[in-house]
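Numbering (my numbering), first residue to last: 3 to 113.
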């Protein structure tokens with residue numbers, strides 16, 4: 003049975019806040035000012051603002067949560083493919099980023 007109301011309140015620790023904030027800033031740099039990505043730009047700017055507040059609980063909207071989780075999942079898949087194709091040193095460098103993103107996704111956004 004599907005839940006009627008989903009909870010979009012998240013309790014991120016300091017490292018998770020920093021990781022999500024840097025992820026959103028990087029996504030904004032890549033998207034630029036293109037009008038076709040207006041929804042993503044608006045969502046990521048809003049997420050950054052909410053993360054910069056001093057409140058312990060971050061309340062995301064459904065749209066923000068969906069966009070963040072989808073982009074995070076795509077980034078995890080991309081890093082995994084890059085690690086599979088690369089040599090030892092690149093794998094070693096990318097493994098910590100992969101582990102951070104995947105644990106963040108597993109703990110807060112999966113399901």
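A virtual CB, placed ideally from N, CA and C, is assigned to each residue, including glycine.
- Contact between residue 53 and residue 43 fails: their C-beta atoms lie close to 16 Å from each other, not under 8 Å.
- Here DSSP, grouped into helix, strand and coil, assigns residue 112 to coil.
- Taking residue 59 as reference, the option from 8, 111, 12, 7 with the minimal CA-CA separation is 12.
- According to DSSP, residue 61 shares a beta bridge with 11.
- One thing to note: residue 85 has its Cβ no nearer than 8 Å to the Cβ of residue 107.
- Here the alpha carbon of residue 28 sits roughly 10 Å from the alpha carbon of residue 46.
- Contact between residue 102 and residue 30 fails: their C-beta atoms lie close to 19 Å from each other, not under 8 Å.
- For residue 42, the enclosing alpha helix (DSSP H) covers residues 40–54.
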